[in-house]
Amino acid sequence: MMTDWTLTAADRCDACGARAYIRVTVKLELSDVLLCAHHGRQHEAKLRAICVDWVDETGMLHENRTKAEGAHV
Numbered sequence: 000m001m002t003d004w005t006l007t008a009a010d011r012c013d014a015c016g017a018r019a020y021i022r023v024t025v026k027l028e029l030s031d032v033l034l035c036a037h038h039g040r041q042h043e044a045k046l047r048a049i050c051v052d053w054v055d056e057t058g059m060l061h062e063n064r065t066k067a068e069g070a071h072v
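Residue numbers (numbering that gives the first Met the number 0): 0 to 72.
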């Protein structure tokens with residue numbers, strides 16, 4: 000059931016529309032919820048209690064920042 004799907008810039012947070020870095024698969028409906036880093040952290044405890052999969056790609060935030068800073072050197 001779990002996939003190797005990677006979030007892209009086109010994936011948006013279901014709560015605010017920002018870029019999604021967290022994908023949560025919810026047990027009840029086996030549907031995915033996409034969240035930005037902020038909303039993922041804000042709701043993490045409650046969502047982890049009802050999820051079957053938690054994919055956290057917030058590490059990409061640091062990678063993207065490092066790449067952007069390197070481009071300006």
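Backbone N, C-alpha and C fix where the C-beta goes; we use that ideal spot for every residue, glycine too.
- A19 and C35: beta carbons closer than 8 Å? The residue labelled residue 19 in the question sits at position 20 within the sequence shown. The residue labelled residue 35 in the question sits at position 36 within the sequence shown. In this structure, C35 lies closer than 8 Å to A19 by Cβ.
- Item | Three-way DSSP call (helix, strand, coil) for V72 in this model | Along the sequence shown, one-based indexing puts residue 72 at 73. At V72, the pLDDT of 48 sits below 50, so the modelled position is not reliable; the number obtained from the coordinates is stated separately. If DSSP states are grouped into helix, strand and coil, V72 belongs with coil.
- Query: Taking the Cβ atom as the reference point for each residue, do V23 and W53 lie within a distance shorter than 8 Å?
  - Reply: One-based indexing of the sequence shown puts residue 23 at position 24. One-based indexing of the sequence shown puts residue 53 at position 54. By the CB criterion at 8 Å, V23 and W53 fall inside the cutoff.
- Query: Hey, how far is the Cα of G58 from the Cα of D10?
  - Reply: Within the sequence shown, residue 58 is the residue found at index 59, counting from 1. Within the sequence shown, residue 10 is the residue found at index 11, counting from 1. Approximately 16 Å, taken between the alpha carbons.
- Query: Buried or exposed: V72, going by 16 or more other Cβ atoms within 10 Å of its Cβ?
  - Reply: Position 73 of the sequence shown holds residue 72. Caution is warranted here: a pLDDT of 48 is assigned to V72, below 50, making its placement in the model unreliable, and the coordinate value is therefore given only provisionally. V72 should be labelled exposed.
- Taking R22 as part of the beta strand (DSSP E), name the residues at either end of that continuous run. On the sequence shown, residue 22 is found 23 positions in, with the first residue counted as 1. Counting along the chain, the beta strand (DSSP E) containing R22 begins and ends at I21 to V25.
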